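In the order they appear, the protein sequences are chains A and B.
For the first sequence, the residue numbers in our numbering are 522 to 608.
For the second sequence, the residue numbers in our numbering are 2 to 303.
The beta carbon of each residue, even a glycine, is placed where N, CA and C say it ideally should be.
Computed from a prediction, not measured in an experiment: that's the story for all the values here.
Data first, discussion second: the structure below is written as structure tokens.
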Amino acid sequence: MLWRDWGDLFVAYQPSSAETHAFDWVTRSLLEAGKEASLTLDEFVQELVSDFDLKSEQIQNLDLTQVVKRLDELGLIALQQSDQSGL
Amino acid sequence: MTIYTTSSADWEASLQLGIDLKFGPFIIRLNSNVKPFADLAAALYQPYLSPQKTDFADFHVSMDLPLGLRRWLRPQVLFGLDGRRPFAPYSHEHALPAFEWGVNWCIATRAHHLLMLHCAVVERNGFALMLPAWPGHGKSTLCSALIHNGWRLLSDEFGLVRPEDGCLLPIPRLIPLKNQSIEVIADFCPSARLGPKFYETRKGTVAHVIPPADSIQRSDETAKPRWLVFPRWIAGASLSLEPLPKTEAFFMVATNAFNYEVLDQVSFNLVSAMVDQSDSYTLCYSKLDEAIAALNELSANV
Numbered sequence: 522m523l524w525r526d527w528g529d530l531f532v533a534y535q536p537s538s539a540e541t542h543a544f545d546w547v548t549r550s551l552l553e554a555g556k557e558a559s560l561t562l563d564e565f566v567q568e569l570v571s572d573f574d575l576k577s578e579q580i581q582n583l584d585l586t587q588v589v590k591r592l593d594e595l596g597l598i599a600l601q602q603s604d605q606s607g608l
Numbered sequence: 002m003t004i005y006t007t008s009s010a011d012w013e014a015s016l017q018l019g020i021d022l023k024f025g026p027f028i029i030r031l032n033s034n035v036k037p038f039a040d041l042a043a044a045l046y047q048p049y050l051s052p053q054k055t056d057f058a059d060f061h062v063s064m065d066l067p068l069g070l071r072r073w074l075r076p077q078v079l080f081g082l083d084g085r086r087p088f089a090p091y092s093h094e095h096a097l098p099a100f101e102w103g104v105n106w107c108i109a110t111r112a113h114h115l116l117m118l119h120c121a122v123v124e125r126n127g128f129a130l131m132l133p134a135w136p137g138h139g140k141s142t143l144c145s146a147l148i149h150n151g152w153r154l155l156s157d158e159f160g161l162v163r164p165e166d167g168c169l170l171p172i173p174r175l176i177p178l179k180n181q182s183i184e185v186i187a188d189f190c191p192s193a194r195l196g197p198k199f200y201e202t203r204k205g206t207v208a209h210v211i212p213p214a215d216s217i218q219r220s221d222e223t224a225k226p227r228w229l230v231f232p233r234w235i236a237g238a239s240l241s242l243e244p245l246p247k248t249e250a251f252f253m254v255a256t257n258a259f260n261y262e263v264l265d266q267v268s269f270n271l272v273s274a275m276v277d278q279s280d281s282y283t284l285c286y287s288k289l290d291e292a293i294a295a296l297n298e299l300s301a302n303v
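The structure is reproduced here in structure tokens:
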């Protein structure tokens, strides 16, 4: 992935599909985290809480399940079949 | 050496053999057996005659009368590219706009060695002001006004970006004005040279602004991207020139490019670099003098 950061949204070029996407910081963090290691959605939420000094309630307001599904559709992450919350 | 033919009779004869027109980086080899078209070509394309005929032309274009009755009865004209006829016939009277639209089509569908943005581009002090816009937003009208008020025309239709360095290549062709815009420019720019009006074309009434000679003569001088301004003419609107977030500017440029998807990663890098180098704005206006003053102020601050 090629990234550009202009301080509002992140713009990313995906070579495998030749598509260009706009992502917010949560999605960017999710992609970065998933690149490092396989993790569950709960683990990712914990990372966000600690890395960005957030409260769990703030994360709960985000529809991360939908974000993960969409990233899987785009081929940017691979969801595990046995546990749809795994990245 | 520059070879100029001067009379429409010369042009008629030359067009039957084929002439080379230099439109920015492209050579168009044009053949035609349509006398009224030759008369207009003599009046409007003289400055574009290529200095000499070369072995290579980017596009081999013909404007011909059809065979059969339509050669004589309510005559039509056919646009041809490399011996093919990609479009339905046009009315004989609309041969010139048909040629201009056809050349647009040739460039948009074939010039994929360049990133092609749908925008007007004007230049001042080596820096390019790009005006990407959707149809009806007043791009050509604003561009015509700017080039008669201190800016050099690079293009009214194509922002041609060279992949090697991201510079914008000039292609200072005729600027088609439609409907009310014709009178607007005739009134606002008394020095503007306009071609004849073509009535009841597929886009309404059309007339072409002939670019200033200086713009055509300098059609090898590139410019660096500096401003991205997305104009929109709205009747009665107060002037507003608002900064645009770069991410938004990126997607507005990418989505109105002719071939962003074709060039893949090259496009991404070029548009990113352009957005990095440029200040981006949206411009809403109803009065040309106010819009020009605002854009002049931008360029004065460099």
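Is there a Cβ from chain A that is less than 8 Å from the Cβ of T110/B? No - not a single Cβ of chain A is within 8 Å of the one on T110/B.
Can you find the residues in the same chain that come closer than 8 Å, C-beta to C-beta, to R194/B, ignoring five residues on each side of it along the sequence? If we look at R194/B and ignore the five residues flanking it on each side, its Cβ neighbours are V210 and I211.
Counting only C-beta atoms, is R525/A closer than 8 Å to chain B at any point? Yes, contact with chain B.
Which residues DSSP lists as bridging M131/B, in chain order: Secondary-structure assignment with DSSP links M131/B through a beta bridge to V122/B and L229/B.
Examine the Cβ distances between the region 85-95 of chain B and the region 126-133 of chain B and report whether three or more of them are shorter than 8 Å. Output reads no: the region 126-133 of chain B does not touch the region 85-95 of chain B.
Where A255/B meets chain A, residues with beta-carbon distance less than 8 Å: Annotation: Cβ neighbours of A255/B in chain A (cutoff 8 Å, chain order): T541.
Can you give me, in chain order, the residues of the region 256-287 of chain B that have a beta carbon less than 9 Å from any beta carbon in chain A? Y261, E262, D265, Q266, S268, F269, N270, V272, S273, V276 and D277
Those residues which DSSP pairs with C285/B across a bridge: Under DSSP, the beta-bridge partners assigned to C285/B are R233/B and S241/B.
How about P173/B and S156/B: do their beta carbons lie closer than 8 Å? yes
Could you pull the start and end residues of the alpha helix (DSSP H) that D572/A belongs to? L562 to D572
Where does M64/B sit, in a helix, a strand or coil, going by DSSP? In the structure shown, M64/B sits in a strand (DSSP, three-state: E or B).
Using the rule of at least 16 other Cβ atoms within 10 Å of the residue's Cβ for burial, across every protein chain shown, is Y5/B buried or exposed? Unreliable placement is indicated for Y5/B, whose pLDDT of 47 sits below 50; the coordinate value is still reported in the next sentence. Y5/B should be labelled exposed.
Using DSSP with H/G/I as helix, E/B as strand and the rest coil, what is H209/B? strand
Using a beta-carbon distance below 8 Å, is P246/B in contact with chain A? It does; some Cβ of chain A falls within 8 Å.
Compute every distance between the C-beta of G25/B and the non-hydrogen atoms of the ligand NAD, then say whether any falls below 7 Å. In the structure shown, the ligand NAD is absent, as is every other ligand, since no ligand is present at all.
At a CB-CB cut-off below 7 Å, which residues of chain A make contact with F252/B? The answer, in chain order, is A543.
Among the residues of its own chain, which have a CB less than 6 Å from the CB of H61/B, if the five just before and after it don't count? For H61/B, where only same-chain residues beyond five positions count, the Cβ hits under 6 Å are R30 and D83.
Do I108/B and F38/B have their C-beta atoms within less than 8 Å of each other? no
Neighbour flag for D520/A against chain B, beta carbons, 8 Å: Examination of residue 520/A is not possible in this model, given that chain A is present from 522 through 608 alone.
Between V547/A and chain B, is there a C-beta pair that is closer than 8 Å? no
Can you grab the Cα-Cα spacing for the pair R72/B / L66/B, in whole Å? 6 Å
Using 8 Å as the cut-off, can you tell me whether the region 168-182 of chain B makes contact with the region 134-153 of chain B, which would need three or more C-beta pairs spanning the two stretches below that distance? yes
Give a yes or no on whether 8 Å exceeds the smallest Cβ distance from L560/A to chain B. Not closer than 8 Å to any Cβ of chain B, the Cβ of L560/A fails to qualify, so no.
Helix, strand or coil for R194/B, going by three-state DSSP, please let me know. In the structure shown, R194/B sits in a strand (DSSP, three-state: E or B).
Taking the alpha helix (DSSP H) that P87/B belongs to, which residues open and close that run? Where P87/B is concerned, there is no enclosing alpha helix (DSSP H), because DSSP gives it neither an H nor an E.
Tell me whether the region 228-248 of chain B and the region 279-286 of chain B touch, counting them as touching only if at least three CB pairs, one residue from each stretch, are closer than 8 Å. yes
Check whether R92/B and H149/B have beta carbons under 8 Å apart: Note that residue 92/B corresponds to Ser in the displayed sequence, not to Arg. Not closer than 8 Å, so no.
Got a sec: is the Cβ-Cβ distance from L583/A to anything in chain B below 8 Å? no
Let's test the definition: count the other Cβ atoms within 10 Å of the Cβ of S559/A and tell me whether it reaches 16, buried, or not, exposed. exposed
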